[in-house]
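Asks: First, the structure itself, so that you have it in front of you.
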Amino acid sequence: MDIRFEGDFNRSPWDRAISWVRCLMPSHLVFSWFADAGAWPEHPGSAAAVVDEAVVGPMRLLDHLETMLGLGGPANPGVKRIAIYRRKLEAAGPERFWSASFAVDSWSVARELLGWRDDLIEAGWRPDARLAPKRLADLAAAEMAGPDLPLGSADRLRAVIYALREKRRLHLGPIELVDIRALLPAGWRALFDALESWGVVIAERLDARLPASDNDLRRLASPLGADGSLPTITGDTSLSLLVADTELAAAEALAAWLAADEKDNEGVVFVLGKDTALLDHALARAGLPRLGASAPSPHRALLQVLPLAYALAWNPPDPNRLLDFLLLPIGPLPRRVANRLARAIAEEPGVGGPKWLEAWADIEKQLAEAEDEDTRKRAKRLAEWRAFVEPQRHDPLGGMPRLVARCIAERISAWASSRFGTTDDPLFLFLATIAGDLAAAIDATESEKLDRLLIERMIEQAIGVGVADPTATAEAAPWRAVSHPGAVWGEAKTIIWWHFADSGETGGKVVWDTNERAALRDAGCPLDESELALQLIATAWQRPLRYADQRLIFVRPVLSGGTETMAHPLWHSLAAGRPDLESQIGFHAEKIFRDAAPSFAGRTLTRHVVAAISLPRSRAEWTASATAISQRELESATSLSTLLACPLQWTLKYASKLEPSVRQSLPGNDTLFGTLAHKIAEEIFVPGPPPDPDTVLGFAATRLEELLTTTAATLLLPGAARDLTAAREAIPEALAELARFLQSTKLSVVGTEHEFSQADTLGQGTGVRGSVDLLAQDKARRPVVIDLKWQHTDRYRRSEIADGVAIQLSVYARHVGGAKADTATGYFMLRQKRFVTGSSLFQGEAIVVDGPAPQMTWDKITKSWAEAMAEIGKGTVRAPFEQNGVQLNAFADPYLLTPPKCQHCDYLVLCGGDS
Amino acid sequence: MNSARPLGGVRIVTASAGTGKTYHLTSVIEAEIHAGRKPERILATTFTIKAAEELRERARARLLEKGQSDNAIRLLGARIGTVNGICGGLVSEFALGLGLSPVAEVISDKVQTKIFRQAADTAIGHYASELDRLARLFGYDQGQKRKDWRDDVNAIVERARANNIAAEALAEFAKRSVAGFERLLSKPLAGETEADIDAALRAAIDELLARYPTNEGLKKATAASLDVIREARSPEIEDLPWSIWAKLAKSEVAKADEPHFQPLRSAASAFSSHPRLFAQVERFITASFACAAEAMQAYEVHKRKWGLVDFVDQERLALQLFTKPDIAPSLRERIEAVFIDEFQDTSPLQLAVFVALSQIAQSSVWVGDPKQAIYGFRGTDPDLITYVAPSIQAATGGGAVTLGKSYRSRPGLVSFVNDAFGATFAAIGLPPGMTRVDDVDREDLPGQQPPLAVWHIEGKNVGLRASALAGGIQHALAHGSDWGVARDGTTGPLAAGDIAILCRSNADCLMLADALSTLGLKVAIERGGLFGTPEVQLALAALRWCADQRDSLALAELAHLLHEGDINQPGSKRHCRMMDAKRLPRSCPWPPISTRLPRALHIKARSSL
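These protein sequence lines are chains F and Y, in that order.
What the first sequence shows, in the numbering used here, is residues 27 to 941, in sequence order.
What the second sequence shows, in the numbering used here, is residues -12 to 596, in sequence order.
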């Protein structure tokens, strides 16, 4: 490349600029419609490298020309263009062909019509042409109305064509077209015409050569014989079809093939019909370099910050989305802060309830302890965090003020920018950019308020472009890759077409009717027929067939991403008239898992049997070092119930403290009903005579409404109306019934959530602690333990009492009434509105179940506990999962009291029991 | 519906299995193109995406074989897909003409109920109190499988929508439903009032409980019935679920106690003529339909507001589109020839769509086989092809073709099917001409056994019968030449891959697969339970650990799944596969950790660092 400066500084600035540009511009271009994402060969000529020459696709050519013509500018994000076009459509006024749809979903209409408009502009439409058909007239009106639309690629193309027509000087070498010129879209044909009129030589490469040797490849690429017969396929390995049931097997087989003759991989060219995430894993496992082609995806975890941050700003508050936000792998809140809040939400779904406040208090305390920052800085950090999770909420239909909407995007952009500064992770940069684009687009709408649909559509648009996996990087390799078969424009020793399946690139819709097309044609804007684009693509598909010198391998997984793939349309052409083609050239990837020396596409793979690995079996008895697990100082009713049903579960949960992460889901509505009833009961059943049932009814109804937002907000979400109605009716009624029961049985309230803790009650060194839901007493001051339960049925509770295994009741009775007292106990079943008890004192007022007295149960508990601990102490821990599902009355064990409840156990993977 | 006459007649093709249906369809497509139809203006619907793909491939192959590569390329632009896919595509293309959002997010089956409930929330809220109470009285919350009245409401809405019935019409349907129910009830005895029936039951209960204060010394059956009776006593009689009335009416007791329970049975069995039962049923039906009507309207508003459509909408809106006079010219420019495959599995709404399409296109071909109608549970109606299609064909002046030659099966099998099913189909109104296949292309090869054999399987239970069948199959494979199969024009011995086994249920499939594998025969069968496999458990544990390193349970699972087990462990599940030689043998990157419990404690200590 000649980079000498001509020392004539007396020339015009324009001429000087042209000279500069000439220094930078290649003088020989090869153009392929498909080459923007790279091409093979990478540059013209056969040398290892060239100067002054390049292979370009449409966008790169446009860039070159803009630079040469002094045009161009910063790229305009799509989201902003749509926002502005939306305003133009609005400004065009009513009675437009889009008006009805615009009222429903203005954003999508603007996006759709902007696409139509850009296609028209590219084809040469001039809005001032005053065309009669309504849709064209309406679009022209929009073009004239409202603010200026930032340029898109169609505008840029037209600007270049107009600039060329204005006869500016242009120094450009010849351009070789890989594609057939007549098949290019109208706008691009116009560009080449304009270039040609300036003397630029535009030449079609007509040398779509056939492979030199007489092999299957050549035969398949050849036209029909003179007699119309198809050439015979011999299966000579020049052409292979690797078929796999799954993409994983395809990747494994291909990697094994590449590894089978590494020296011969030089000159391999991949045509990538899909990203290479799975293939890269297989390559890396085979010790080969990775291709690192990652498809942009809007589903990268980090990008979810944006939609979730907005989701928190709508009414009604949605604890599910809040939990999602807090559980994001990377989010604006530090992990420990997010986890703490997530735990609060998982217990009490809502914002502002006691658990939520407690969590914030903890966070503040930890921050104060851990950090040396001054109070102001700490307060600032806390305020930043709170702004994300406690934003002001708005009505989804009424919308949020534009400024508020913009602030959310800007807040995320600022956070992502700062994280990029410290981590260098390109995902943060991308998020910062799209959040910034979104903020600009929100501004560009100039709407006073933006409703939820509009905001969500805008977010979809902003993150919809997606981002590639930043960890996917190409490694130095003997091969090259292109992303479309049309990007192969010269010879390659071996071509591997990864994911040879239909990618849906032939889909398209016809927008304009005959009369509209006629009007456009008459106005000098002839639109292409739809088949033109199909022909351009179909011609491009043929290229690997023509340019593969020795071998072409098609790789087709039958399943990809869980869906069945469809045959590539090129396959239709190849297989037409050759029903046996697949069996002639096909190889099933799954064979590599069975055969020791499978062979395909000219290579034999060496495979070895992998030693069988035995999988962990379920194990009902575990061993530990004697004395490794010691008894605990205090048990609770729950931990005791666990121990006396499954010692392994108790060992893992309580002794080993193996804990799962924060719960990923919120409590179900039945659990919430129970929580709400407990909370209200705690407030209304104060020590003394029971409250009047009507008072309870009124109080509960009022208090319930207050508690919903802070502790059970999921009941306020759309879809929960039935449960909410039920809660509003059933909870006050249940509590009123409780009051009625206390009154009619002449019980007085001693306390609610009555706590106790006593040492050594189970045995030497171990006592119990806990709290009783409602402790009452009768006239004789005899204690009555009432446990409140919200359950679908009381059947299980009744059998617990009947079988003498109501552990919770008897533990409470022992610890609030003492060893000798005859304490009455029972469950008040809130849903069924009745007291279930073993005590005959309540005959006529409750469901009285025949069963042993609580004291007898306690004796059983202490005995069982002692035996369980003795066995554990000797190093034997049992997991009696085979007793799962056994009815209480049929359960028999040397010392365990109840069958295990495996369906609710977190530790099943470890013991191997079946839930 | 638009009263315009169809431009082209509807030709109906009846094609039994194996009579070359797809071949016929591709021939007709080719002929239409030859006659001047533009390939990209062809519209063809199939029942599955895979069938659409096959049709597209074979139609293109046919054009390519005839040297019409340009037309084959243009056929890539044709609309070939499922009815939903095609309708959805056209609705989206003409969204602006219909005043809809051009972005229509399709609601999948999986989330349909959830979205419906969200949309219909207010309507459901209006009726929740009343319907909850009534549903409880009808025993919805009893039994192993609880029922939800919202599912009833959803079902009413679904059926109404699938048949294009407006919300306003539902009240009338409620009346019909109530009248239908009323016919099933006994009439109350003259002079008998609600209070009388209730009082009689209450008295019978009280009397029994006075006689039997406890269950002590009673036989099991009597004690169980008494438990139910005690349960029944606690609510007010008005709140007693009807399922309990029914239960009391059938109380089973020990023989000795029989006479004492008779009054109760008789008092309780009056429930079927109880005026309150009828009043409550009437209210339940009326309220359910009213809620459905309100919910349906709310659902429509919700979908419109949020740019959502479901599968029914795709067809309903397409019908709206096809019958809109101002859009018809545009549609005619885009659709010239219509082909409908698997016509026998057509719902009434789809039929309306096809008729409307026939008024747009210049030619329509509907292909089906009434014998193969299998999607009745999806609201399709095989009677449409039996009774309605011929009238449409006659009214539009289209032809009717029956493909009468089997290219797939052996002559004996074809005769067997003709004889076995001909009479059955004739009984449901299908003339033999539509169901019989008279001509067979194939001939039996020398040495082939008769095409049909009957095996009598014996065994006391299904497991034994499955084993017996598996044994028969094993025997047949061992004597493959007795069961000669045609291969490339000659007879070859039966191989495992030649056999397909049709079972009634997935559970039967599994059982038979087990029986076959016990005999060492490999079986291909779809199975569930992926998430319960150790491989997936391991992957999940690893993901959980990556997501939160404080998840000590995930870490313990990793350690357990990676290191438990012994290569020599007898009876362990083994997996064995070929691997790349380079990947062998590689030592495990983890130090061996025993799964003995103290180690689990050790892991906890490490994970809390």
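The C-beta atom is built at its ideal place from N, Cα and C for all residues, glycine as well.
This structure is a prediction, so every number in the text was calculated from the model and none was measured.
Report the three-state DSSP secondary structure of F:Phe123 (helix, strand or coil).
Replies: Of the three classes helix, strand and coil, the one that applies to F:Phe123 here is coil, per DSSP.
Asks: Taking the straight line between their C-alpha atoms, what separation do you get for F:Gln790 and F:Gly843?
Replies: Cα-Cα distance, rounded: 20 Å.
Asks: Look at the Cβ atom of F:Ala149, then the Cβ atom of F:Leu157, and state whether they are nearer than 8 Å.
Replies: It is not a contact, given that the beta carbons lie outside the stated cut-off.
Asks: Return the residues of the stretch 109 to 133 of chain F that lie within a Cβ-Cβ distance of less than 7 Å from chain Y, sorted by chain order.
Replies: So the list reads Phe123, Trp124, Ala126, Ser127, Val130, Asp131, given in the order they occur along the chain.
Asks: Give, in chain order, every unbroken run of the beta strand (DSSP E) that is at least 3 residues long and sits entirely within the stretch 272 to 338 of chain Y.
Replies: Whole beta strand (DSSP E) segments, 3+ residues: 324 to 327.
Asks: I'd like to know whether the C-beta atoms of F:Val581 and F:Phe619 end up nearer to each other than 8 Å.
Replies: Contact: no.
Asks: Using a Cβ-Cβ cutoff of 8 Å, what residues of the stretch 310 to 326 of chain Y are near chain F? List them in chain order.
Replies: Residues Pro316, Ser317, Glu320, Arg321.
Asks: Keeping to the same chain, check which residues put their C-beta closer than 8 Å to that of F:Gly261; ignore five residues upstream and five downstream.
Replies: Result list for F:Gly261: Asp242, Gln610, Ile611, in chain order.
Asks: Check the Cβ-Cβ distances between Y:Lys290 and every residue of chain F, and say whether any is below 8 Å.
Replies: No, no contact with chain F.
Asks: Using a beta-carbon distance cut-off of less than 7 Å, what residues from the stretch 1 to 25 of chain Y approach chain F?
Replies: Against chain F - using a Cβ distance shorter than 7 Å - the stretch 1 to 25 of chain Y contributes no residues.
Asks: Going by DSSP, which residues form a beta bridge with F:Trp340?
Replies: Its beta-bridge partners are F:His420.
Asks: DSSP three-state label for Y:Ile(-1), please.
Replies: Strand, per DSSP.
Asks: Compute the minimum distance between the beta carbon of F:Lys889 and the heavy atoms of the ligand SAH, and state whether it is under 7 Å.
Replies: What this structure holds is no ligand at all, so the ligand SAH is not there to describe.
Asks: What's the call for F:Gly939, buried or exposed, on a 16-neighbour Cβ count within 10 Å?
Replies: With 16 or more other Cβ atoms within 10 Å, it is buried.
Asks: Quick check: is the beta carbon of Y:Arg(-2) nearer than 8 Å to any beta carbon in chain F?
Replies: Output row for Y:Arg(-2): interface = no.
Asks: So what's F:Gly462 in DSSP terms, helix, strand or just coil?
Replies: F:Gly462 falls in the helix class under three-state DSSP.
Asks: Do F:Thr701 and F:Asp738 have their beta-carbon atoms positioned less than 8 Å apart in this structure?
Replies: First, the amino acid is wrong: residue 738 of chain F is Ala here, not Asp. For F:Ala738 and F:Thr701, yes; Cβs fall inside 8 Å.
Asks: Is it true that the stretch 497 to 515 of chain Y meets the stretch 457 to 465 of chain Y, where meeting means three or more beta-carbon pairs spaced less than 8 Å apart?
Replies: With the cut-off at 8 Å, the stretch 497 to 515 of chain Y and the stretch 457 to 465 of chain Y touch.
Asks: Work out the CA separation of Y:Asp193 and Y:Glu239 for me, nearest whole Å.
Replies: In a straight line, the C-alpha of Y:Glu239 is about 18 Å away from that of Y:Asp193.
Asks: Less than 8 Å separating the beta-carbons of F:Ala431 and F:Leu367?
Replies: No, they are not a contact pair.
Asks: Does the CB of Y:Lys162 have a neighbour CB from chain C at under 8 Å?
Replies: Here chain C cannot be found, since the structure's protein chains are F and Y.
Asks: Taking only beta-carbon atoms, is Y:Gly515 less than 8 Å away from chain F?
Replies: Not closer than 8 Å to any Cβ of chain F, the Cβ of Y:Gly515 fails to qualify, so no.
Asks: Tell me, to the nearest whole angstrom, how far the beta carbon of F:Pro673 is from that of F:Ala894; I am working on the premise that it is less than 8 Å.
Replies: With a Cβ gap of about 6 Å, F:Pro673 and F:Ala894 count as contacting.
Asks: Just verifying my parser: in three-state terms, what is the DSSP assignment at Y:Tyr127?
Replies: Residue state, collapsed to three classes: coil.
Asks: Taking three-plus beta-carbon pairs below 8 Å as touching, is the stretch 451 to 458 of chain F in contact with the stretch 386 to 397 of chain F?
Replies: Result no; under three Cβ-Cβ pairs closer than 8 Å.
Asks: Among F:Ala828, F:His818, F:Ser320, F:Asp606, which has the Cα closest to the Cα of F:Pro496?
Replies: Here the closest residue by C-alpha is F:Ser320.
Asks: Flag this pair as yes or no: are the beta carbons of F:Phe57 and F:Ile201 separated by less than 8 Å?
Replies: Yes, Cβ-Cβ distance for F:Phe57 and F:Ile201 is below 8 Å.
Asks: Identify each residue in the stretch 279 to 303 of chain Y for which the Cβ-Cβ distance to at least one residue of chain F is less than 8 Å, and report them in chain order.
Replies: Cβ contacts with chain F: Arg291, Lys292, Trp293, Gly294.
Asks: Give the DSSP-derived three-state secondary structure of Y:Met566 in the structure shown.
Replies: Caution applies to Y:Met566, whose pLDDT of 49 falls short of 50 and renders its modelled position unreliable; the value that the coordinates give is listed next. Residue state, collapsed to three classes: strand.
Asks: At a CB-CB cut-off below 7 Å, which residues of chain F make contact with Y:Thr32?
Replies: The contacting residues do not exist; Y:Thr32 stays about 16 Å from chain F at best.
Asks: Could you name each continuous alpha helix (DSSP H) segment of 4 residues or more that falls completely within the stretch 820 to 890 of chain F, going from the start of the chain to the end?
Replies: Qualifying alpha helix (DSSP H) stretches, in chain order: 821 to 828, 833 to 843.
Asks: Counting pairs of beta carbons, one from the stretch 105 to 124 of chain F and one from the stretch 166 to 182 of chain F, are three or more of them closer than 8 Å?
Replies: In short, these stretches touch, since the Cβ pair count reaches three.
Asks: F:Asp932 CB to nearest chain Y CB: under 8 Å?
Replies: Chain Y, which has a Cβ nearer than 8 Å to the Cβ of F:Asp932, makes this yes.
Asks: Taking F:Val935 as the query, report the chain Y residues whose CB atoms sit under 8 Å from its CB, ordered along the chain.
Replies: By Cβ distance, chain Y contributes Gln524, Ala528, Glu544, His547, Leu548.
Asks: Would DSSP call F:Ala498 helix, strand or coil?
Replies: F:Ala498 falls in the coil class under three-state DSSP.
Asks: For chain F, check one thing: does any of its Cβ atoms lie closer than 8 Å to the Cβ of Y:Gln105?
Replies: Output row for Y:Gln105: interface = yes.
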